[in-house]
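Please read the structure below before turning to the comments.
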Ligand SMILES: Nc1ncnc2c1ncn2[C@@H]1O[C@H](COP(=O)(O)OP(=O)(O)OP(=O)(O)O)[C@@H](O)[C@H]1O
Ligand SMILES: [Mg+2]
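Chains as they are written, first to last, in the working numbering: chain A, 1 to 379; chain B, 380 to 628; chain C, 629 to 848.
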């Protein structure tokens, strides 16, 4: 979808060596992918991004969008086909929210009625009530609300490509997490190709299908988050992603991908013998007792029932340490384990139904494995 | 001290009574000094001078507003950028020049009469208009312009859809200042032989005629206050809500 | 041009005298206005309603054209035999100076970061100490900006005051107008303009000097 070839930018500084803000950058981002530009301040992320919509003229190299050389397109037309979001939001104070969202559709002389409808739809997607907000002015919105409008304004003319320069940088952490989630959900539906500048590694891991890490205008590595975390190309990347990169990988894996499904689920009225057999067969050291609705009620371990005979599961049960939702990630699971001082947790779904359990042991072994793509199942 | 504050605070009705009393007293006063008689005797003159005064204020003010906004916009254009700083400095310095000095200098070029008066009032009005227009446009934050450019607006569209609308309030403040200076200077044009309400005042001073003095002064003061009042209202209602601090809640 | 040089060299004592007269009128009146305007500005920070009223009255006053103000002043002051000359001019200038000075004092003190105020309170300063040690020093540059506005504006007002017999550089302009004498017109106009421009510049300088380091953007 977007291909950069030997993209280079020299900023001429009178009386000094030119600053090389982009040095032979080549990369490709596929349709519908979110690629995060990451790197220390001044490494050239913004420059690389702005060359794509020609806000900064490039010195040399090529930019292809959808196979078309952007040199052949005029800047104004190109920009109207690319959504653009900046950190300072840049809503126009003189226009209502509705006119702000419809700026590009109006520039393109699209049907007014349709674009207003689209504006309402987009507002619904980011949980803002159109009947309340459309007629307001930007200054009558909170920062987080304005930033949401900034994002949907870029989407209003349905451009295939979205450029975002630290779009959530000015928002407080809690709101930021919410907007990130909203954005991911929205883009799962819209399937835009997104280039996204960030200098927050955690944001990059959370949002990115790909991460491109820059240093001094050079693209050091461009890979999936998992690949970058498990196989950093050089010591710079290693340092940049942090010594806890193994832990960061945990956020990439959902609990549901690591769960041991229904392993050794037992009922209160089962005999100890049956429980012990189950655990031995599955080669695990604990069994979870489920109630009539399928909820986890307690557990027992092999050590606890060693040597006991003739009883029922219900008599030997210990209370469960807590639960973890199947849609949470392994990072959440590990921290829950620390909270409850245990080395395993039962996994539940939305209804609280028991789905299986995860253990520290499994998590550790998953991290040791070769890099994985998101969505791979544990076998 | 606090007592006085309290008193002033509760003065809504109080000030109303004071106003009534003042009106009554001034009525008595003007009757006894013959102010009203004098006013009625010279009523035709008054109407004529008022009309002339309003005419020149209005025409020179409007002309200055349009010329001023136009020049301010030109000054903010990229191709003018390298000179605009010098110009802005120049306008700053010039706006310190007293209005009587402006009239004096223009008189040396175009002599006396309506033409000089018109040019003088225009000059006085145009300075704040140009200054505020330029300032208002160049103060539109860079990131907002980047956002506009990033959405694919042409330079013209950025100017008309983003820069000017967001500068409107500052521009309107310049127009208000310009008109205030204009009305304030308008009685002085009597000195260079143009008709205005200043005639009452300067005659009054020369002949020590308090009635004439009062008629002139009150009329000029009322004209100034009403002009400013109208402009304030226009400013309130004409500047769009999103960029009008007067309407921020 | 030669005429102008000749006029200036022949008459510089007069010009100097008129300049001093002009400055004297403006500085006495604006000076007095500082003494009244600053306390009023501080006082009204305590009460928003009151502030609105005071500022409204001051802004109505400043709307009244100076010629009209003189015209109103003369009959009133005539009752105490001061109808013409220094007093009506001085009082008009005093009144005109109120708005910029009161308003700037008021906004300066109101705009002081509440956190700073808290900090001062937290250190155990009394109301008066807070005002004198924190708020006033921070407000001084902004108040100076108001004084600067008042001075520049009133140099113009004082020019017109020649017509009520208050002298000053307006005298030369007036002679120029009545005698259609270009030389006098130019000399008078340029002299009074220079005076205003220089005063403007000097006050700007003063304003910058008085601005605490690191706060320089406050005084624009
Ligand atoms: N207009 C310009 N003129 C000269 N140098 C520039 C210009 N714009 C950027 N640079 C330089 O180019 C380099 C890259 O800048 P860029 O803005 O792309 O950094 P960035 O990665 O976005 O940093 P940040 O995270 O701080 O936003 C920097 O060294 C910067 O100083
Ligand atoms: Mg940047």
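Beta carbons are placed, not taken as given, at the ideal position from N, Cα and C, and that holds for glycine.
Keep in mind that this is a model prediction, so the values were computed, not measured.
Residue i versus residue j - alpha carbon distance
{"i": "residue 232/A", "j": "residue 357/A", "result": "31 Å"}
{"i": "residue 723/C", "j": "residue 571/B", "result": "28 Å"}
{"i": "residue 63/A", "j": "residue 79/A", "result": "14 Å"}
{"i": "residue 433/B", "j": "residue 761/C", "result": "51 Å"}
{"i": "residue 645/C", "j": "residue 441/B", "result": "40 Å"}
{"i": "residue 160/A", "j": "residue 548/B", "result": "38 Å"}
{"i": "residue 327/A", "j": "residue 117/A", "result": "33 Å"}
{"i": "residue 531/B", "j": "residue 521/B", "result": "16 Å"}
{"i": "residue 135/A", "j": "residue 125/A", "result": "18 Å"}
{"i": "residue 27/A", "j": "residue 234/A", "result": "18 Å"}
{"i": "residue 528/B", "j": "residue 158/A", "result": "18 Å"}
{"i": "residue 589/B", "j": "residue 412/B", "result": "9 Å"}
{"i": "residue 835/C", "j": "residue 68/A", "result": "58 Å"}
{"i": "residue 208/A", "j": "residue 33/A", "result": "8 Å"}
{"i": "residue 244/A", "j": "residue 214/A", "result": "20 Å"}
{"i": "residue 406/B", "j": "residue 414/B", "result": "9 Å"}
Other residues of its chain near residue i: CB distance less than 7 Å, five sequence neighbours each side excluded
{"i": "residue 91/A", "result": "100, 138, 146, 149 and 150"}
{"i": "residue 654/C", "result": "721, 779, 782, 783 and 786"}
Distance cut-off 6 Å: residue i Cβ against heavy atoms of ligand 1
{"i": "residue 42/A", "result": "yes"}
{"i": "residue 196/A", "result": "no"}
{"i": "residue 168/A", "result": "no"}
{"i": "residue 19/A", "result": "yes"}
{"i": "residue 199/A", "result": "yes"}
{"i": "residue 240/A", "result": "no"}
{"i": "residue 11/A", "result": "yes"}
beta-carbon residue i near ligand 2 non-hydrogen atom, thresh 6 Å
{"i": "residue 46/A", "result": "yes"}
6 Å CB neighbourhood of residue i in its chain, flanking five on each side removed
{"i": "residue 777/C", "result": "728"}
{"i": "residue 204/A", "result": "36, 38, 198 and 211"}
{"i": "residue 297/A", "result": "289 and 291"}
{"i": "residue 61/A", "result": "5, 6, 7 and 8"}
{"i": "residue 266/A", "result": "275, 287, 289 and 313"}
Contact with chain C by residue i, beta-carbon distance below 7 Å
{"i": "residue 500/B", "result": "no"}
{"i": "residue 607/B", "result": "yes"}
{"i": "residue 566/B", "result": "yes"}
{"i": "residue 439/B", "result": "no"}
{"i": "residue 596/B", "result": "yes"}
{"i": "residue 496/B", "result": "no"}
{"i": "residue 485/B", "result": "no"}
Residues of its chain near residue i, where Cβ-Cβ distance is below 8 Å and the 5 sequence neighbours each way are ignored
{"i": "residue 801/C", "result": "787, 790, 812, 813, 816, 817 and 820"}
{"i": "residue 360/A", "result": "334, 337, 343 and 344"}
{"i": "residue 381/A", "result": "The question about residue 381/A has no answer, for chain A in this structure spans 1 to 379."}
Neighbour flag for residue i against chain B, beta carbons, 7 Å
{"i": "residue 116/A", "result": "no"}
{"i": "residue 718/C", "result": "no"}
{"i": "residue 100/A", "result": "no"}
{"i": "residue 728/C", "result": "no"}
{"i": "residue 148/A", "result": "no"}
{"i": "residue 820/C", "result": "yes"}
{"i": "residue 810/C", "result": "yes"}
{"i": "residue 834/C", "result": "no"}
CB contact check: residue i to chain A, cutoff 7 Å
{"i": "residue 587/B", "result": "no"}
{"i": "residue 552/B", "result": "no"}
{"i": "residue 523/B", "result": "yes"}
{"i": "residue 406/B", "result": "no"}
Residue-chain proximity (residue i, chain F), Cβ-Cβ < 7 Å
{"i": "residue 322/A", "result": "Although the question refers to chain F, the structure presented lacks it and instead comprises the protein chains A, B and C."}
Check: Three or more beta-carbon pairs under 8 Å between the segment 259-278 of chain A and the segment 307-324 of chain A, yes or no?
Finding: Touching, yes.
Margin query: Measuring CB atoms only, is the segment 535-546 of chain B touching the segment 592-604 of chain B, in the sense that at least three cross pairs come out at less than 8 Å?
Written below: no
Note to self: Pairs of beta-carbons, one from the segment 807-814 of chain C and one from the segment 689-697 of chain C, closer than 8 Å: are there three or more?
What the structure shows: Contact between the segment 807-814 of chain C and the segment 689-697 of chain C is absent, with fewer than three C-beta pairs closer than 8 Å.
Item checked: Given 8 Å, three or more beta-carbon pairs between the segment 552-559 of chain B and the segment 490-501 of chain B -> no
Next item on the list: Flag this pair as touching only if the segment 470-487 of chain B and the segment 508-515 of chain B have three or more C-beta atom pairs under 8 Å; answer yes or no.
Entry: Output reads yes: the segment 508-515 of chain B touches the segment 470-487 of chain B.
Notebook entry, point to check: Does the segment 418-435 of chain B come close enough to the segment 561-580 of chain B to have 3 or more Cβ pairs within less than 8 Å?
Noted result: Yes: the two stretches touch, three or more of their Cβ pairs being nearer than 8 Å.
Next item on the list: For the segment 748-767 of chain C and the segment 692-708 of chain C, state whether three or more C-beta atom pairs, one from each stretch, are separated by less than 8 Å.
Entry: no
Margin query: Under 8 Å: do the segment 46-58 of chain A and the segment 577-584 of chain B share three or more Cβ pairs, one atom per stretch?
Written below: no
Next item on the list: Determine contact between the segment 451-464 of chain B and the segment 792-806 of chain C, defined as no fewer than three beta-carbon pairs at a distance below 8 Å.
Entry: no
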